[in-house]
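Heads up: take any position in the sequence shown, counting from 1, add 17, and you land on the working numbering.
Note that the Cβ used here is the ideal one computed from N, Cα and C, for glycine as well.
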Amino acid sequence: MIKLSFKYFLFLFVLPIIATERPPLLFPSLEVNEKQSKYQIKEDKNKKPRIPTSWGGNALIQETKEVNGIPMTTFALSGGAWILHRKVRISSYHIEVVGEEAYLGYLKGGVRVEDKENKITFTAGKGTYDKFQEIIILESRPTLYFYNSDNKKTKITAPYIKRFMSENKTVLEGGVIMEDPDYTILTEKAVFYEKENNLVLNDYPLIFGENLFITGEKAIYNNESKVTKLENDTILARLSYETKSVKGGFKKKEDKKDKSKEEKEVEEKKRVITLFTGERLESKVKSKDEPASIGMYENAKIYRDDFEYDGKYLKAFGEGYKNLEAKENVNFLDKENNFRIKGKLFEHDDEKGYTHITEEPEVEFLSKEGEVTSTMTTVELERFSDRKEIVARGNVVIESENSTVKGQYATYYEEEKKLVVEGNPTFQRNGNIVRSGKIIIFPENNRMLLSDGLDSSEEKNNKGSR
């Protein structure tokens with residue numbers, strides 16, 4: 018009876034009190050202070066984002082195998098098998114996929130890797146795909162193809178190719194051969210940086226162009242800009258053919274309507290080898306906007322049988338690379354005509370047969386043995402190849418062993434080997450000054466003629482010749 022009354026008491030008095038207790042106050046989610054929350058989701062900063070991958074094929078065989086000592090589910094795909102890694106499509110006749118997430122993939126037969134975003138394609142006989150390292154290793158005659166903005170294709174083959182997809186980089190090893198419309202390159206190892214379109218080659222790659230050979234310790238070739246840069250011990254060799262006229266000297270052969278006349282003028286066709294050396298070289302093939310050019314920097318030199326150039330910077334450009342621009346301490350040695358021209362700025366236009374030298378120009382006249390017999394300084398020099406003349410303009414000074422000749426301008430006739438000084442010329446020796454209308458100098462044998470009126474400022478009058 019007591020037990021019943023106690024339960025009855027709880028029912029009548031305690032439960033109504035609990036029922037009348039005020040419920041907790043609810044706040045909108047926007048007013049919650051996140052700092053006071055006991056439960057917060059911590060982001061793992063070191064966690065790599067998930068790599069989107071899918072795969073498929075026309076036929077599938079599933080089985081369990083041990084991979085590196087761990088039981089794994091594998092899927093053998095055939096008949097148009099493929100793996101899609103981000104935006105890169107990998108296909109092959111047969112692919113063995115390890116794990117549903119395609120942790121690894123073994124590719125056999127007709128391997129093809131397409132990256133349309135970077136405009137590159139790979140082909141090979143077999144390969145290995147690693148999802149987490151984002152690497153594809155290609156073997157059995159692997160080949161890399163990539164295209165520039167003009168859709169011109171470059172092909173590179175190597176026994177071993179390793180592509181790092183996350184780095185947009187490809188390493189080629191074991192004897193690399195690169196081919197495109199402009200060059201063929203042979204090297205032991207190369208690295209292709211896809212975003213920059215740069216192919217980097219070390220250990221003196223061999224670069225072959227049309228009648229052209231280039232090498233250097235390191236080379237960088239850009240398929241997009243068609244610029245090739247070489248560094249350290251750079252050498253360029255070029256083969257060309259030039260015709261020699263009856264009058265002497267070499268000139269470019271031109272098309273003429275009168276063929277018989279052309280045959281009389283041309284004596285022979287000669288093969289010419291030009292060597293270009295320096296520390297750094299930059300070669301650019303012909304484009305719509307610019308002519309082909311080769312620039313050499315730091316201790317740049319050009320060697321030919323008939324002449325030599327050297328300076329801090331040399332740039333050859335135009336048809337046959339015959340136009341020239343040279344800067345800083347430039348020396349031009351004409352071996353056939355026995356003179357050397359110096360200056361800080363050279364500009365040569367081969368089509369016009371014209372060379373312009375400014376900034377401290379100087380001419381050294383040489384004997385047959387190569388010894389300096391006299392020097393000429395002036396404000397500017399012009400050389401006319403067709404006329405075989407060198408013209409000096411402004412403050413001309415000719416210094417020889419025991420005399421000085423001054424004038425306003427002078428002309429050196431290369432075939433006759435004589436220098437004519439005009440413009441109030443003066444002759445000075447042993448304190449004597451002789452003025453005349455014209456002074457003719459033969460630098461090779463140090464002989465001189467004064468003509469067209471003589472006027473001496475000293476008692477000793479050096480008339481005639483010496």
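* Within the same chain, show all residues whose beta-carbon is closer than 6 Å to that of D325, passing over the 5 residues directly before and after it, in chain order. => Note that residue 325 is Glu in the sequence shown here, rather than Asp. Only L350 meet the Cβ criterion.
* Measure the C-alpha to C-alpha separation of G360 and E397 and round it to an integer number of angstroms. => One C-alpha to the other measures close to 9 Å.
* Are at least three pairs of beta-carbons, each pair with one atom in the stretch 108-119 and one in the stretch 127-134, less than 8 Å apart? -> yes
* **Assumed close pair Y330, E307 - CB separation to whole angstroms, cut-off 8 Å** => So it is not a contact: roughly 18 Å between Cβ atoms.
* **Sequence-distant residues of its chain with Cβ nearer than 6 Å to V114 (five each side left out)** => W72, F92 and G122
* Asked: Between the beta-carbon of K318 and the beta-carbon of D327, is there less than 8 Å?
  -> yes
* Based on the DSSP secondary-structure assignment, which residues constitute the bridge partners of F363? -> A343 and I374
* Taking all protein chains shown into account, decide if A409 is buried (16 or more other Cβ within 10 angstroms of its Cβ) or exposed. => buried
* Helix, strand or coil: which one does DSSP assign to S391? -> strand
* **Residues near H365 by beta carbon distance below 7 Å, same chain, minus five either side** => N340, L341 and T372.
* Would the beta-carbon of E461 fall within 8 Å of that of T390? -> The Cβ-Cβ distance between E461 and T390 falls below 8 Å.
* To do: Taking only the alpha-carbon atoms, compute the straight-line gap between E190 and E205 and give it to the nearest angstrom.
  => 6 Å
* To do: Kindly indicate which three-state DSSP category I337 falls into: helix, strand or coil?
  => Reading off the sequence shown, one finds Gly at residue 337, where the question assumed Ile. G337 falls in the helix class under three-state DSSP.
* Asked: So does G337 have its beta carbon nearer than 7 Å to some heavy atom of the ligand NAP?
  -> With respect to the ligand NAP, the structure shown offers nothing to examine, as it has no ligands at all.
* To do: With a threshold of 16 other CB atoms inside 10 Å of the CB of K59, please say whether the residue is buried or exposed.
  => Reliability of the predicted coordinates at K59 is poor, the pLDDT of 45 falling under 50, and the value obtained from them is presented with this limitation in mind. Answer is exposed; the Cβ neighbour count stays below 16.
* Figure out for me which residue from S310, G411, L466 and K405 has the closest Cα to the Cα of T375. => G411
* Asked: Just curious, the beta strand (DSSP E) that D147 is in, first and last residue?
  -> I137 to D147
* When the Cα of K186 is compared with those of T428, K385 and E211, which residue comes out closest? -> E211
* Leaving out five residues before and five after E241 in sequence, what residues of the same chain have Cβ atoms less than 7 Å from its Cβ? -> N165, S166 and N214
* To do: State yes or no: is the C-beta of I154 within less than 8 Å of the C-beta of G142?
  => no
* Asked: What do you get for A501, buried or exposed, if any count of 16 or more other CB atoms within 10 angstroms of its CB means buried?
  -> Beyond the ends of the chain as shown, which are 18 and 483, falls residue 501; an answer cannot be given.
* Under 8 Å between the Cβ atoms of V422 and V438? -> yes
* Put E184 into one of helix, strand or coil per three-state DSSP. => helix
* Asked: Helix, strand or coil: which one does DSSP assign to Y123?
  -> strand
* Asked: Buried or exposed: N355, going by 16 or more other Cβ atoms within 10 Å of its Cβ?
  -> buried
* To do: Could you check what DSSP says for N3 in three-state terms: helix, strand or coil?
  => Missing from the structure shown is residue 3; the chain here goes from 18 to 483 and no further.
* Would a C-beta distance cut-off of 8 Å place K179 and V193 closer than the cut-off? -> no
* With DSSP collapsed to three states, give me the class of R404. => coil
* Could you check what DSSP says for D250 in three-state terms: helix, strand or coil? => strand
* In the DSSP assignment, what are the bridge partners of K318? -> T294 and D327.
* Asked: So, F230 versus A254, is the Cβ gap smaller than 8 Å?
  -> At a Cβ-Cβ threshold of 8 Å, F230 and A254 count as neighbours.
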